[in-house]
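Add 51 to the 1-based position in the sequence shown for the numbering used here, that's all there is to it. Glycine included, every Cβ here is placed at the ideal spot set by N, Cα and C.
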Amino acid sequence: MGSVPTGARVYVACVVLGALACLAALPGGHVPWEAVALLAALYAACEQITRCPFMGHRAPQGMGTFFPVLLAGAFLLPAPAAALVAVPGALVSRVEQRPRGLRRIWRAGRLVLAVWAAAHAHAALGGRDAVAGPDFPYALLPAGAAAVVFCAVLTLLDGGILALAERVPARAAWRGLFWRSLAPVTVHGLAGLMMAVLWRSPHGPVAALLVLLPMYLSCWVFAQYHRERAAHRATIRALVQAVDIKDGYTRGHSERVAQASLLIARQLGMDDERAEVLRFAGILHDVGKLGVPTRLLRKDGPLTPEERRVVELHPEYGHEMVRGIAFLGEARAAVLHHHERLDGSGYPYGLVGGQIPEFARIVAVADAFDAMTSTRSYRRARPVAAALAELRRCAGAQFDPVMVTALTRALAHHGWTPTVTADPSGDIPAGEMPREAGPGEAEAAGDRGADRRADGPRAGLAPADGGQARRAGEGRVP
């Protein structure tokens, strides 16, 4: 929501108005204000605890570790009063991305609606009396139902903001959100029920606070997991920066390939976990260039057949570099096979059709698309429409038609802004600007040497004639 679309702002406004309507129904003198104030202060304090040094600097934002406090309020208080508990904590919570004010208001509105709905579901099933009893195991039924309603409302609202603010396709915005959240929220519901029962007991609110200790410990464990993932990302970023420094002509290329790969993944309906691994594949696909001599990557003239064969070893170099990194999963196969072609004339192993891993087929399309739409010092970018037309022309022989179609549809919805990855030299004589791409070859992304004529076989390009490269006069696609 950095620059928030108008539709998303209207959506947030509607959610906030709905939240205000829920709060407006406060029953006046019948509200236990002391309990509301104590729970609200407790929730706000818990949100601030995520900055405790015990967490290892900071806990992940928005992980909902202290939802038990909100659900305990839903089990103890009338629905409007329970919804009010969430407001102070949401408004003072840590927000790292802009616009911070809008994000805090959005967070407060969604929590108000979720808690209000959960409290109504709990009361409708007689949960208030079951907690006061306490009546076990019957008390578990209304508490569980309230937790499911709480999760469902959050899922509904979060999917909507993903579709409007992040422009995620509607069919993918809600996919998997509910089921991924249900188990954690159910555990939070049980903890909230324990808090509510202890709150009603002779020991009072002080005993209820003891329930938060194991939740705080779970927050710490989750924070360690988050830090480990952050370390993984930092390692990957360092590798990519090393490639960018070594081959300045393709600086930023890896990030854009990852972005285009994610567009394809979302269009295909890929789940979030696999999409994240695919993003790693896009970022790391050219990491093997660290093993290619710098003089070849920066050579001004054409590559000899021997030099080309050295450059074409970079997928194998990259695979050797990442094969021991377990969390990369399928991304490792994409690093190795992203220059394979459906017709079997690619490299390094000449795989055919379905033998090529899915991630490699996605990255191959994203790789070539970014290469064609990026301006580099040795040739101009092609328009997006022309690049897509060339991908479609090569579909079935070089590229997977399903992936090409997915990218085309995604770009029709999201658009694409070509990026300059290296500054033109500025000293090219008039009339000798880099040749425009012709209807010939789709260059493998980032392979600068492939765009300069070599007399040997060309791999990773558009369909070749008998394994031989097309002649320069036939035109070439960057």
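* Taking 8 Å as the cut-off, decide whether the C-beta atoms of K297 and K340 are in contact. => yes
* Asked: Taking the continuous alpha helix (DSSP H) assigned at L354, which residues delimit it?
  -> Taken as a continuous stretch (DSSP letters only), L354 belongs to no alpha helix (DSSP H), as it is neither H nor E.
* **With 16 other Cβ atoms within 10 Å as the buried cut-off, status of V87** => buried
* Asked: Can you check whether the CB of F201 is closer than 8 Å to the CB of L122?
  -> yes
* Could you tell me how far apart the beta carbons of V82 and G124 are, in whole angstroms, since I believe they sit closer than 8 Å? => 12 Å between Cβ atoms; not a contact.
* Which residues in the same chain have their Cβ closer than 6 Å to the Cβ of V143, if we skip the five residues on either side of it in sequence? -> Apart from the 5 residues on each side of it in sequence, V143 sits with its Cβ closer than 6 Å to the Cβ of A95 in its chain, given in chain order.
* Could you check how far apart the C-beta atoms of P193 and L205 are, in whole angstroms? I think they sit under 8 Å. => Not a contact, Cβ separation roughly 19 Å.
* Asked: Can the beta-carbon of F420 be found closer than 8 Å to that of A384?
  -> no
* Mind checking T459: buried by the 16 CB within 10 Å criterion, or exposed? -> buried
* Asked: For the alpha helix (DSSP H) that H304 lies in, which residues bound it at each end?
  -> Looking at the DSSP string, the run of the alpha helix (DSSP H) that includes H304 is 304-319.
* Identify the continuous alpha helix (DSSP H) that holds S232 and give its terminal residues. => 228-251
* For F126, does the three-state DSSP call read helix, strand or coil? -> helix
* Helix, strand or coil: which one does DSSP assign to F450? -> strand
* Neighbourhood of G380 by C-beta, 7 Å cutoff - its chain only, sequence neighbours within 5 removed -> V328
* Mind reading off the beta-carbon distance from V163 to R154? Whole number of angstroms is fine, and I expect it under 8 Å. => Contact flag wrong, Cβ pair sits at about 15 Å.
* Asked: Within the chosen definition, does the stretch 222-234 reach the stretch 61-68 through at least 3 CB pairs nearer than 8 Å?
  -> With the cut-off at 8 Å, the stretch 222-234 and the stretch 61-68 do not touch.
* **Cβ-based neighbour list, L347, same chain, cut-off 8 Å, excluding 5 preceding and 5 following** => Exclusion of the five residues before and after L347 leaves L354, E358, V361, V362, G500 as the residues of its chain whose Cβ lies within less than 8 Å of its Cβ.
* Span of the alpha helix (DSSP H), counted from its first residue to its last, around E409 -> 409-424
* With C-beta atoms as the reference, is V55 less than 8 Å away from I156? -> V55 is not a Cβ neighbour of I156, given a cutoff of 8 Å.
* Range covered by the alpha helix (DSSP H) that runs through G211 -> 191-216
* Asked: Taking the alpha-carbon positions, what's the R503 to A438 distance?
  -> Unreliable positioning characterises R503 in this predicted model, as indicated by a pLDDT of 37, which lies under 50. A coordinate reading is not provided.
* **Delimiting residues of the alpha helix (DSSP H) encompassing P366** => 365-373
* Among A196, A216, F378, H336, which one has its Cα closest to the Cα of V308? -> H336
* Asked: Can you name, in chain order, every residue of its own chain whose Cβ lies under 6 Å from the Cβ of H365, other than the five neighbours on each side?
  -> G339, K340, V343
* Asked: At what residue ranges does the stretch 145-193 contain a whole run of the alpha helix (DSSP H), taking only runs of 4 or more?
  -> 151-175, 178-183
* Simplified DSSP state of W84, which is helix, strand or coil -> Reduced to three states, the DSSP call for W84 is helix.
* Asked: Which two residues bound the contiguous alpha helix (DSSP H) that contains A377?
  -> Premise fails: A377 is in no alpha helix (DSSP H) and is neither H nor E.
* Could you check which residue in R444, V219, I287 has the C-alpha nearest to that of G466? => V219
* **Spatial distance of E494 from L313 (CA atoms)** => At E494, the pLDDT of 42 sits below 50, so the modelled position is not reliable and the matter cannot be decided from this model.
* To do: Out of L264, P185, A214, state which residue places its alpha-carbon closest to the alpha-carbon of F117.
  => By alpha-carbon distance to F117, the top candidate from L264, P185, A214 is L264.
* **C-beta contact flag for A76 and P131 at 8 Å** => yes
* **Pick from V414, A461, A440 that is closest to R330, judged by C-alpha positions** => V414
* Inter-residue spacing [alpha-carbon to alpha-carbon] between H254 and L208 -> 37 Å
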